[in-house]
Amino acid sequence: YTPDTVSVGDQFSGALIPGLMLVTLYLLYLAFVAWTRPDAMPATTTASRRDGLLQRIIVSLLPPLLLIVAVLGSILTGIATPTEAASVGAVGAILLALSQRQCTLAIMQDVVRSTTRISCMVFLILIGASVFSLVFRGFGGDEVVAELLHNLPGGKFGAMLAVMGLMFLLGFVLDFIEITFVVVPIVGPILLAMGIDPVWLGIMIALNLQTSFLTPPFGFALFYLRGVAPAEVSTRQIYAGVAPFIGLQLLMLSLLAAWPAIATWLPGIIYPD
């Protein structure tokens, strides 16, 4: 929606530092909990589990980390387009599965079936969102939204705050796909026309949408956790346990809002004008 070209590499490089900062906040919080409440995070007591633990961690993490570096590195260096990098990731994932003898015909059929189902769902949402956007603009809805955002106190920062608050609230009842395809096409061009940096805006929206994975009742991360958590762990406990991480997400969002250079500095270094 910006008149200036913003590449996927700009967005990925802009998200790198905020992502590392968010991981650091998570680790600091977990270390604090382990220090203040050792019973909540007990140490491993079985000697057989401790022996060679570091080696097992490295062996488990190194292949997927190399795959991530290959995909993102090819985009950041300009070697591959996002579509080509996605194919690199797909081939790399298949090779990893083959190396671990987990790539069978039955698994591949499940993967293809699941991929087709998800792709159809996303495209149906995209078609519906496109029709909604056309009707919305046809009735002058974008002009009403633009006037509303322009009249908010605080100028473009007030408009940005209102949009971020709206997306956070929508995250309780909608997932990121609907918000991306329905809300962003409406408010994105307006914010960019007000002078908001496109890279900063993209990372702010991404971080806000990431928070929707944690917010009940429709947080996807909560459903994933419910599926693997023991039966004695109640859904109420899961909701209570995720609250500190939602707070960390909002803290990172506030830091990024206060210092946009967190997102814009690295793209300026990697892709100088």
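Mind the numbering: the sequence shown is residues 25 to 297 in the working numbering, read in order.
Cβ coordinates follow ideal geometry from the N, Cα and C atoms, glycine included.
Of F269, F205, V159 and G178, the smallest CA-CA separation from L148 is found for F205. By the beta-carbon neighbour count (other beta carbons within 10 angstroms, threshold 16), N232 is buried. Taking C-beta separations shorter than 7 Å and ignoring five residues to either side along the sequence, the partners of I99 in its chain run V32, G33, F36, P106 and A109, following chain order.
With a cutoff of 8 Å on beta-carbon distance, M191 and I220 are scored as not near each other. Counting only residues of its own chain and dropping the five nearest sequence neighbours on each side, I262 has a CB closer than 8 Å to the CB of L246, L249, R250 and A253. As the crow flies, the alpha-carbon of V136 is around 10 Å from that of I142.
Nearest to G165 by C-alpha distance, out of L150, Y50, L176 and I214, is I214.
In terms of CA proximity to L193, P241 leads the group L150, P241 and G182.
Each residue's CA atom was taken as its position, placing F56 and R125 some 39 Å apart.
The alpha helix (DSSP H) runs lying completely inside the segment 32 to 91 and spanning 4 residues or more are 32 to 60 and 71 to 74, given in chain order. Judged by DSSP in its simplified three-state form, A104 adopts coil rather than helix or strand.
Going by C-alpha positions, L91 is about 10 Å away from L85. Within its own chain, no residue has a Cβ closer than 7 Å to the Cβ of G292 once the five positions on either side in sequence are excluded. If you ignore the 5 residues before and after L290, its C-beta comes within less than 8 Å of the C-beta of S37, G38, L40 and I41, all in its own chain and listed in chain order. The three-state reading of DSSP puts L198 in coil, since its state is none of H, G, I, E or B. Around the CB of Q79, fewer than 16 other CB atoms lie within 10 Å, so the residue is classed as exposed.
With a 10 Å radius around the Cβ and a threshold of 16 neighbouring Cβ atoms, W224 comes out buried. Linking T68 to A153 through their CA atoms gives a straight-line distance of about 49 Å.
DSSP places N232 inside the alpha helix (DSSP H), whose first and last residues are P222 to T235. For S258, the secondary structure class from DSSP, reduced to helix, strand or coil, is coil. Residue environment for F237: buried (at least 16 other C-beta atoms within 10 angstroms of its C-beta).
Nearest Cα to C144 within the set S278, A58 and I201: I201. For the options V266, I286, I103 and L277, the alpha carbon positioned closest to that of Y53 is the one of V266.
Rounded to whole angstroms, the Cβ separation of V169 and V115 is 43 Å, and the two are not in contact under 8 Å.
Distance from the CA atom of T288 to the CA atom of L119, rounded to whole angstroms, is 35 Å.
At a Cβ-Cβ threshold of 8 Å, M218 and L49 do not count as neighbours.
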